[in-house]
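Numbering (our numbering), first residue to last: 75 to 278. Virtual Cβ for every residue (Gly too), placed ideally from N, Cα, C. Owing to the predicted nature of the structure, the values given are computational and were not obtained by experimental measurement. Structure record follows, encoded as structure tokens.
Structure (structure tokens):
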């Protein structure tokens with residue numbers, strides 16, 4: 075299986091070196107490029123990279139502006155922010171710049187691994203401890219708790235029949251709820267609903 079190619083953009087050398095060693099122990103992920111500044115990142119980034127782990131606070135510029143510059147040239151690269159910021163307004167702004175994952179620097183490596191794997195597949199990863207309540211209020215199209223649960227269960231691969239059974243509702247009731255979800259998200263299929271919900275950070 076081809077490994078996920080990661081670039082590390084982090085100005086603290088000890089942190090970057092330690093993270094590189096942990097990532098390179100993984101069977102399906104490897105670090106292929108590194109940078110300690112915006113300028114160095116722009117010089118070293120290339121089209122073969124799948125995911126960038128990006129420090130937002132860099133010595134020579136704003137990490138979000140760097141993300142936008144890289145996305146303009148390499149739109150397929152996914153970006154995960156390694157950050158000390160957990161403000162929902164900041165997270166929303168970062169998502170608008172193209173960031174698909176958020177992991178605080180104090181998180182365990184398992185969370186960083188999960189963010190790499192999730193974003194490499196086109197999903198969005200929000201660290202569970204981040205302050206995302208305001209973010210959801212800003213971007214949530216009005217989905218109820220049960221509707222969010224249905225989306226999460228669909229995303230996990232459960233069939234419609236199994237979901238209806240697990241929620242103790244009939245299949246016809248489930249389908250009515252699904253139509254309501256489609257209407258709120260302005261989509262027509264389950265696949266489109268999951269894509270939109272993932273982009274909004276409503277499901278993992």
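DSSP, read as helix, strand or coil, puts residue 261 in coil. Given a length threshold of 4 residues, each whole run of the alpha helix (DSSP H) inside the stretch 78-106 is given here in chain order: 87-98. Between residue 237 and residue 228, the C-beta gap is smaller than 8 Å, which places the two residues in contact. Beta-carbon to beta-carbon, residue 119 and residue 154 are separated by about 14 Å, too far to satisfy the 8 Å threshold.
If you compare the alpha carbons of 267, 131, 149, 261 with that of residue 84, the shortest gap goes to 131. Excluding its 5 nearest sequence neighbours in each direction, residue 194 has C-beta neighbours in its own chain below 8 Å: 78, 124, 125, 152, listed in chain order.
It is roughly 40 Å from the alpha-carbon of residue 133 to the alpha-carbon of residue 266. For the 8 Å CB-CB criterion, residue 277 and residue 252 do not form a contact. In the DSSP annotation of this structure, the continuous segment of the beta strand (DSSP E) that includes residue 175 starts and ends at 173-178. Counting other Cβ atoms within 10 Å of its Cβ, residue 129 reaches 16 or more and is therefore classed as buried. Nearest neighbour of residue 172 by Cα position, chosen from 139, 246, 270, turns out to be 139.
Only exposed fits residue 263, as fewer than 16 other CB atoms lie within 10 angstroms of its CB.
Between residue 174 and residue 156, the CB-CB gap reaches or exceeds 8 Å.
Looking from the CA of residue 142, the closest CA among 122, 159, 158, 116 belongs to 116.
Within the DSSP secondary-structure output, residue 135 pairs in a beta bridge with 132. Nearest neighbour of residue 269 by Cα position, chosen from 106, 135, 198, turns out to be 198. DSSP places residue 152 in the uninterrupted beta strand (DSSP E) bounded by 152-157.
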